[in-house]
Amino acid sequence: MADTLSHGNGTAKPNKDDVYRRPSPTTLTNQPLTHYHSYFFDLLSWKNPRASAIVYASIISLIFAARYLDVIRYFFKLTWVALGTTVALEVAGKVLLGQGITSQLRPKKYHVVSRETLDALIGDVHELINFFVIEAQRILFAENIGVSAGAFIAAFVSYYLVKVVPYWGLAIIGTTAVFMIPLVYTSNQELIDAQLKHASELVNAQTAQVRSAAKEHTAHVAELTKQYMGDYSAKAQGLIRGRSASPEVHPIRAAPSAPTTVPVPALTDADFPAAPSSTLEEKKDKEEEEADGHPADSAEPAKPASSDEPLVSL
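Using full-length UniProt numbering, read the sequence shown as starting at 1 and increasing by one per residue.
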């Protein structure tokens, strides 16, 4: 008989062994897992529904008992009642019967914990501690991305719930989630796997599209950068070649040019004509007398120009 049965839609129902497939017996670091890994896997995957239900109900009952029952107070009460009863029976027996009743119930040999039992208990505790230590590291270093993502969501939600929900309520929510989420998954694995596959395909398609767009953009930027670098390199090479072809010439200051105009010598007294011996008025009167027919000798002799008078009268 085939392991799977075909449905009308052509899909195959998963085999029960596939649903309860055990994890790898070693980690990615090739370290062997503890036997508690298999135990908790079978317990949380509801491979044995009765055992899983009993453990779940027991944990919930203990949480409610710790919340609504004063366990420590009841422990001390049970202790003093038991000790008081044994002491009263022993005293009453010795008084009434001459022999204590509690001593009659005393075993011939006290019970002890054997070395083998203690070693086995210590070994189990050691394995249990290693289970939590290994799982914490596997979650922290994302050996299984789904489990690490689930732990992240649980821690994130708990961070906000702890502000409004008491610790015992948070413990109930956490226990219910740990036991019920695997049960829901195993009961609807085909539908959930199909939806997860569809979501994975959508994510892969969007990722490929984004990667393609990023690749095109990067290629375009690289091409522009290459073009600009080529232009700048050509300009730099042209400048370097120009400097190597024409050696650098230091500028020389030009000598002052000769003046284009002939310098004019300074004027001296010899360059001016001699001053007349008579003034302009006397010359004018003389001309008028000559015009009237009077002799020029009757005119008043001209006074010699003094050295104080200017050469030209204004």
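Cβ atoms here follow ideal geometry from the backbone N, Cα and C, with glycine treated the same way. As the structure is a prediction and not an experimental result, all values here were calculated from the model.
Enclosing alpha helix (DSSP H) for residue i [first to last residue]
i, result
"residue 168", "167-187"
"residue 32", "Counting along the chain, residue 32 falls outside any alpha helix (DSSP H), and DSSP gives it neither H nor E."
"residue 49", "49-68"
"residue 92", "71-96"
"residue 27", "Unbroken run through residue 27: none, as it is neither H nor E."
"residue 135", "115-140"
"residue 160", "145-161"
"residue 103", "101-105"
CB of residue i within 7 Å of CB of residue j, strictly
i, j, result
"residue 148", "residue 142", "yes"
"residue 127", "residue 36", "yes"
"residue 130", "residue 34", "yes"
"residue 151", "residue 134", "no"
Assumed close pair residue i, residue j - CB separation to whole angstroms, cut-off 8 Å
i, j, result
"residue 172", "residue 63", "6 Å"
"residue 175", "residue 59", "5 Å"
"residue 53", "residue 43", "Incorrect: roughly 10 Å between the Cβ atoms, too far for contact."
Rounded straight-line distance, which links the Cα of residue j to that of residue i
i, j, result
"residue 229", "residue 240", "16 Å"
"residue 45", "residue 178", "10 Å"
"residue 242", "residue 232", "15 Å"
"residue 89", "residue 70", "28 Å"
"residue 114", "residue 83", "26 Å"
"residue 118", "residue 104", "30 Å"
"residue 95", "residue 85", "15 Å"
"residue 200", "residue 237", "54 Å"
"residue 318", "residue 48", "Since the first residue of the chain shown is 1 and the last is 314, residue 318 is not available in this structure."
"residue 218", "residue 124", "57 Å"
"residue 87", "residue 136", "50 Å"
"residue 98", "residue 107", "20 Å"
"residue 210", "residue 216", "10 Å"
"residue 234", "residue 222", "18 Å"
"residue 12", "residue 27", "Because residue 12 carries a pLDDT of 47, less than 50, the predicted location of this residue cannot be relied on, and the following value inherits that uncertainty. Straight-line Cα distance between these residues: approximately 31 Å."
"residue 214", "residue 191", "34 Å"
Closer than 6 Å: residue i CB and nearest the ligand GDP heavy atom
i, result
"residue 112", "Among the components modelled here there is no ligand, and therefore nothing to report on the ligand GDP."
Beta-carbon contacts of residue i that lie in its chain and below 8 Å, excluding the five residues immediately before and after
i, result
"residue 66", "168"
"residue 170", "158, 161, 162"
"residue 93", "99, 100, 101, 102, 103, 104"
"residue 144", "138"
Residues near residue i in its chain [Cβ-Cβ closer than 7 Å; skip 5 each side]
i, result
"residue 25", "32, 33"
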